[in-house]
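J.: FYI, the numbering for the sequence shown is 0 to 581, going by numbering that gives the first Met the number 0. By construction, the Cβ of each residue, glycine as well, lies at the ideal position given by its N, Cα and C atoms.
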Amino acid sequence: MKRCVLNILIGLTCLLPTVIRADEPKAPASVKELWADFDPRKDEFDAKVVREWEKDGIVYRYVTFHIGTFKGKPARMAAFFAFPKGAKKLPGLLHIHGGGQRAFLHEVEFYAKRGYACLSINWGGREMENAKEGDPNTDWGAVDPTQKNVPGYANLKPGEKYLDPFESPRNNNWYLLTLGARRGLTFLEQQPEVDADRLGVYGHSMGGNLTVYVAGTDDRVKAAAPSVGGSGFRTEPWPLLPQVKVETPNGDVKLFNATIGFESYAPLIKSPLLWLGSTNDFHGIMDDTYRTGELIPHKTVRYSFTPHMNHRFTPEFAVTRPLWFDQYLKSSFTFPKTPDSKLVLATEDHVPELQVTPDSSQTVADVHIYYSADPDPRARFWRSADAKKNGDAWTAKLPILAVDQPLFAFANVVYGLKKEESEPSARPTEKFAISSMFHTTVPMELQRAKVVATDKPDPVIDDFSHGWRDWYLLEAGNPHHWEFSTRKLTDPKWQGQTGQRLALEVQAEKPNELVIVLTENFFRFYRGKSQEFVAVVKLNGGTDSQNVSLARGDFKTIEGEALSSWKNVDLLSLRAYYDKGG
0 MKRCVLNILI GLTCLLPTVI RADEPKAPAS VKELWADFDP RKDEFDAKVV
50 REWEKDGIVY RYVTFHIGTF KGKPARMAAF FAFPKGAKKL PGLLHIHGGG
100 QRAFLHEVEF YAKRGYACLS INWGGREMEN AKEGDPNTDW GAVDPTQKNV
150 PGYANLKPGE KYLDPFESPR NNNWYLLTLG ARRGLTFLEQ QPEVDADRLG
200 VYGHSMGGNL TVYVAGTDDR VKAAAPSVGG SGFRTEPWPL LPQVKVETPN
250 GDVKLFNATI GFESYAPLIK SPLLWLGSTN DFHGIMDDTY RTGELIPHKT
300 VRYSFTPHMN HRFTPEFAVT RPLWFDQYLK SSFTFPKTPD SKLVLATEDH
350 VPELQVTPDS SQTVADVHIY YSADPDPRAR FWRSADAKKN GDAWTAKLPI
400 LAVDQPLFAF ANVVYGLKKE ESEPSARPTE KFAISSMFHT TVPMELQRAK
450 VVATDKPDPV IDDFSHGWRD WYLLEAGNPH HWEFSTRKLT DPKWQGQTGQ
500 RLALEVQAEK PNELVIVLTE NFFRFYRGKS QEFVAVVKLN GGTDSQNVSL
550 ARGDFKTIEG EALSSWKNVD LLSLRAYYDK GG
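#1: Note the first and the last residue of the continuous alpha helix (DSSP H) segment covering TYR327.
#2: Let me check one thing: in DSSP terms, what residues is HIS438 bridge-paired to?
#3: Along the chain, where does the alpha helix (DSSP H) containing TRP274 start, and where does it finish?
#4: So VAL30 packs on GLY215, CB below 8 Å; how close in whole Å?
#5: Tell me whether THR185 sits in a helix, a strand or coil according to DSSP, three-state version.
#6: For GLY498, is the classification buried or exposed, using 16 other Cβ atoms within 10 angstroms of its Cβ as the cut-off for buried?
#7: Please determine, among VAL107, ALA257, PRO423, the residue with the shortest C-alpha to C-alpha distance to GLU32.
#8: Where does HIS94 sit, in a helix, a strand or coil, going by DSSP?
#9: Could you tell me whether the region 192-209 touches the region 155-166, where touching means 3 or more Cβ pairs closer than 8 Å?
#10: LYS47: buried (16+ other C-beta within 10 angstroms of its C-beta) or exposed?
#11: If you run the structure through DSSP and keep just helix, strand and coil, what is ASN136?
#12: Could you pull the DSSP bridge partners for PRO73 from this structure?
#13: In the DSSP output, what is GLU422 paired with across the bridge?
#14: Mapping DSSP to helix, strand and coil, what is LEU592?
#15: Using a 10 Å radius around the Cβ and a threshold of 16 neighbouring Cβ atoms, would you call TRP565 buried or exposed?
#16: Classify GLN496: buried if its beta carbon has 16 or more other beta carbons within 10 angstroms, exposed otherwise.
#17: Whose CA, out of ASP218, GLY228, PRO225, LYS253, lies closest to the CA of GLU235?
#18: I need the straight-line Cα distance from CYS13 to ASP36, nearest angstrom please.
#19: Of all the options HIS438, ASN511, HIS349, ALA502, which has the alpha carbon lying nearest to the alpha carbon of THR453?
#20: Applying the 10 Å Cβ sphere with the 16-neighbour rule, what's the burial state of TRP467?
#21: Starting from the C-beta of PRO456, find all residues in its chain whose C-beta is less than 6 Å away, skip the five residues before and the five after it, and write them out in chain order.
#22: With a floor of 3 residues, list each beta strand (DSSP E) that falls wholly inside the region 214-269, ordered by position along the chain.
#23: Helix, strand or coil for TRP173? Go by DSSP, reduced to three states.
#24: Tell whether a beta-carbon distance below 8 Å holds between VAL450 and LEU344.
#25: Can you give the beta carbon distance from PHE407 to HIS438, rounded, assuming they're within the 8 Å contact cut?
#26: Going by CA-CA distance only, name the one from ASN477, SER230, VAL355 that's closest to ASN389.
#27: Do SER277 and PRO338 have their beta-carbon atoms positioned less than 8 Å apart in this structure?
#28: Excluding the five sequence neighbours on either side, which residues of its own chain have a C-beta within less than 7 Å of the C-beta of ASP469, listed in chain order?
#29: Does the count of Cβ pairs from the region 61-78 and the region 131-146 closer than 8 Å reach three?
#30: Would you call ALA111 buried or exposed, if buried means 16 or more other Cβ atoms sit within 10 Å of its Cβ?
#31: Using DSSP bridges, identify the partner residues of THR337.
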C-alpha cells in the first residue's frame with residue numbers, strides 16, 4: 000500500500016512543472032511564428048498629408064501614417080512620397096534609410112524621375128528635411144526602436160521600451176522597425192499612383208538589414224536590393240578568425256538567431272534580390288553576405304561588390320540597383336546571369352587559378368579577378384590577378400606566399416550599357432558590374448591539392464602601371480579633400496620590414512603639401528588599438544619629379560607617438576588634409 004501511494008506522489012510532482020509552464024506566455028520560436036499574427040493591412044491607416052508641392056513634373060508629399068498601437072499608445076511614421084504628376088499604376092518603391100540618417104528627398108525624387116512612385120520612411124525619427132516648426136514627425140509612442148535605444152537591436156528581454164513582459168523577439172528593435180516598414184508597403188499599395196502588384200524595397204546599411212527582414216516576411220515584395228546590410232550569422236565566431244568579437248544578444252542566443260538572425264529570413268525570401276556590397280565593409284560582411292545568400296531558395300539572386308571599398312560604391316556597381324528594379328518591376332532591362340566561376344587548386348604548375356565564364360548574352364567590357372589570403376574580410380587586401388581570355392572564359396593564376404593560410408577569390412564582370420545611367424549617390428556611368436560567387440579554401444585543401452607557394456615578397460608597393468587599380472579613391476575631384484588609400488601594406492607580400500623606409504616619387508604642378516597616413520590595426524581590434532600615424536611632405540612643384548623617403552619614426556600620431564613597426568600597418572593613405580583631433 001505504501002508503495003502505491005509513493006508512486007502516485009511521484010507522478011504528481013512530475014506533472015506539476017508541466018502545468019506551470021503551460022500557463023506561462025510562450026515567445027515565438029521562429030520567423031513564421033513571430034509574424035503569424037501580424038496583418039500589415041488590418042489596422043486603420045489614417046494617412047495624412049502634412050505638405051504637398053510640385054517641381055519639374057514631380058509631385059512631392061510629406062506624409063504621416065499610423066504604424067500600430069503599442070502598450071496602449073499609437074505610433075506614427077513620417078515619410079516622403081513622390082511620383083510623376085498625373086501618373087497612375089506605377090511600380091512602387093520603399094526606401095529604408097540607414098543608421099543615423101533620415102528619409103531622403105533625393106531618393107524619392109530620383110526614382111520618381113525614373114518612372115516610379117517612391118516612399119522614404121523616417122524610421123529613425125530625425126528631423127525631416129526642410130521641416131517647419133510644428134511639423135509632425137515619426138513618433139513611436141510607448142516603444143523606441145530608434146538609435147536612441149541602441150541596446151534594443153540585440154535585445155530579447157522585457158523592459159520599459161519593449162513590447163512583451165517576458166523574453167521575446169518582439170522586444171527587439173528590428174521587429175518593430177520591420178513592422179513599420181511593412182506598413183510602408185501598405186501605404187504604397189493604397190495609393191492610386193501605385194500598382195500594388197509591383198512593389199520593391201531597398202536600403203543601405205541598417206536599411207539593408209531591414210530590406211532583408213521585409214523581403215523575408217512580406218510576399219508583396221516583388222524585388223529587393225539591400226546594400227551592405229542583411230548578412231547573417233552575427234552571433235557565430237568567424238570560422239577562420241575566431242578571435243573576432245561577435246554580437247552577443249541580451250537573451251537566449253538560439254531564440255535570437257531563429258527569430259532575428261538574417262540567416263533565418265533568407266530561406267523565406269521569394270522575390271528577386273540584388274545584394275550590393277563593398278568588399279571591405281565593416282557592416283555587410285562580404286563572406287557572410289554570400290553565406291546568407293546561399294540560403295535563399297531560388298536562383299534570382301545577384302551580387303555586385305565594389306573592390307577595396309568600405310560602405311560605399313563606385314558608379315558601375317551603384318547603378319545596378321535601379322537597373323535591378325527596372326528589370327523586375329518595369330521589364331525594361333535584363334541582367335546577365337551570375338558569372339560561372341571555378342577555383343582550381345590541382346593545376347599542372349601547382350599554382351591555384353580562378354576560371355570565370357561570364358554570361359555573353361551582353362557585351363562584356365572587362366573581367367577583374369581578385370584573391371586574398373587574409374581571413375579578416377574588413378581589412379584584407381584584394382590582390383588583382385592578371386586575367387587572360389581563352390574563348391568565352393577568363394583565367395587568372397593566383398600565386399600565394401604560403402600554404403598554411405586560407406585562399407579567397409571572386410571576380411567582377413563589367414558590362415557596357417546602351418545608354419548612360421545614374422544613381423542618387425554616384426556619377427553617371429556607361430557600365431555596370433556584377434560579381435561571381437565567392438570562393439573560400441582552407442589550408443588543408445591547399446595542401447591536399449599539392450599547391451606550391453611560388454610568390455615572393457616585393458618591396459615595390461606600386462609602380463602605377465595599372466593606374467590606381469589597387470587603391471580606393473575618395474573625393475578624387477576635390478582638390479582640398481581628396482584621399483587615395485590602399486590596403487597593400489597589410490598583405491605580407493608588401494609588408495614593410497625592419498630597416499626599410501617608405502619611398503615615393505612624386506610630381507606636383509604647384510608647391511603643395513602631401514599628407515601620408517598609415518593606419519595601424521584597421522578594424523583589427525583583436526590585434527591592438529587602431530591608430531593613425533601621419534607624415535607631412537613639402538612638395539616643390541614643377542615639371543620634375545621629387546623623391547621622398549620616410550623612416551618609420553617620421554610617422555607620428557596626433558599626440559606625437561612614433562610608429563614603432565611596419566608589422567601592423569593595414570592602410571596607406573595619400574591625402575590632401577588631415578584633421579583628426581582638431
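T.: Considering the structure as presented:
#1: If you number the sequence shown from 1, residue 327 lands on position 328. Note, TYR327: alpha helix (DSSP H), 319-329.
#2: Here residue 438 is taken as the residue at index 439 of the sequence shown, counted from 1. HIS438 pairs with ALA408.
#3: Residue 274 sits at position 275 when you count from the first residue of the sequence shown. Careful: TRP274 lies outside any alpha helix (DSSP H), inside the beta strand (DSSP E) at 272-277.
#4: Against the sequence shown, residue 30 aligns to sequence position 31. Against the sequence shown, residue 215 aligns to sequence position 216. 7 Å between Cβ atoms; contact.
#5: In the sequence shown, residue 185 corresponds to position 186, counting from 1. Of the three classes helix, strand and coil, the one that applies to THR185 here is helix, per DSSP.
#6: Translated into positions along the sequence shown, residue 498 becomes position 499. GLY498 is exposed by the Cβ-count criterion.
#7: As a working mapping, residue 32 is identified with position 33 in the sequence shown. Its Cα nearest to that of GLU32, the residue ALA257 stands out among VAL107, ALA257, PRO423.
#8: In the sequence shown, the residue the question calls residue 94 occupies position 95. In this structure, DSSP gives HIS94 an extended state, which the three-state scheme calls strand.
#9: When C-beta atoms of the region 192-209 are compared with those of the region 155-166, fewer than three pairs fall below 8 Å, so the two segments do not count as touching.
#10: If you number the sequence shown from 1, residue 47 lands on position 48. By the 10 Å Cβ count, LYS47 comes out exposed.
#11: Locating residue 136 in the sequence shown gives position 137, where the first residue counts as 1. ASN136 carries a coil assignment under DSSP once its states are collapsed to helix, strand and coil.
#12: Taking the first residue of the sequence shown as position 1, residue 73 is located at position 74. Per DSSP, THR68.
#13: Within the sequence shown, numbered from 1, the residue matching residue 422 stands at position 423. BP columns for GLU422 point to ALA425.
#14: Because the chain here runs from 0 to 581, residue 592 falls outside it and cannot be looked at.
#15: Mapped onto the sequence shown, residue 565 falls at position 566. So TRP565 counts as buried.
#16: For the purposes of this step, residue 496 is identified with residue 497 of the sequence shown, where counting begins at 1. Result: exposed.
#17: As a position in the sequence shown, residue 235 is number 236, starting the count at 1. Residue LYS253 holds the alpha-carbon nearest to the alpha-carbon of GLU235 among ASP218, GLY228, PRO225, LYS253.
#18: Indexing the sequence shown from 1 puts residue 13 at position 14. Indexing the sequence shown from 1 puts residue 36 at position 37. Per-residue confidence for CYS13 stands at a pLDDT of 35, beneath the threshold of 50, marking its modelled position as unreliable; no derived number is given.
#19: The residue labelled residue 453 in the question sits at position 454 within the sequence shown. For THR453, the nearest C-alpha among the options comes from HIS349.
#20: Residue numbering aside, residue 467 sits at position 468 when the sequence shown is read from its first letter. TRP467 should be labelled exposed.
#21: For the purposes of this step, residue 456 is identified with residue 457 of the sequence shown, where counting begins at 1. Same-chain partners within the cutoff: LYS492.
#22: The region 214-269 contains these whole beta strand (DSSP E) runs: 220-226.
#23: Along the sequence shown, one-based indexing puts residue 173 at 174. Three-state DSSP puts TRP173 in a helix.
#24: For the purposes of this step, residue 450 is taken as the residue at position 451 of the sequence shown. For the purposes of this step, residue 344 is taken as the residue at position 345 of the sequence shown. Remark: C-beta atoms of VAL450 and LEU344 approach each other more closely than 8 Å.
#25: Along the sequence shown, read from residue 1 onward, the residue named residue 407 stands at position 408. Along the sequence shown, read from residue 1 onward, the residue named residue 438 stands at position 439. Contact between PHE407 and HIS438 holds: CB atoms are separated by about 7 Å, below the 8 Å threshold.
#26: On the sequence shown, residue 389 is found 390 positions in, with the first residue counted as 1. Answer by Cα proximity: VAL355.
#27: By 1-based counting over the sequence shown, the position of residue 338 is 339. By 1-based counting over the sequence shown, the position of residue 277 is 278. Going by C-beta atoms, PRO338 is not nearer than 8 Å to SER277.
#28: Walking along the sequence shown from the start, residue 469 turns up at place 470. Same-chain partners within the cutoff: SER383, ASP461, THR485, LYS487.
#29: Contact holds between the region 61-78 and the region 131-146, because three or more Cβ pairs, one in each stretch, are under 8 Å apart.
#30: Counted from its first residue, the sequence shown places residue 111 at position 112. Result: buried.
#31: Sequence index remark: in the sequence shown, residue 337 carries index 338 (1-based). THR337 is not bridged to any residue.
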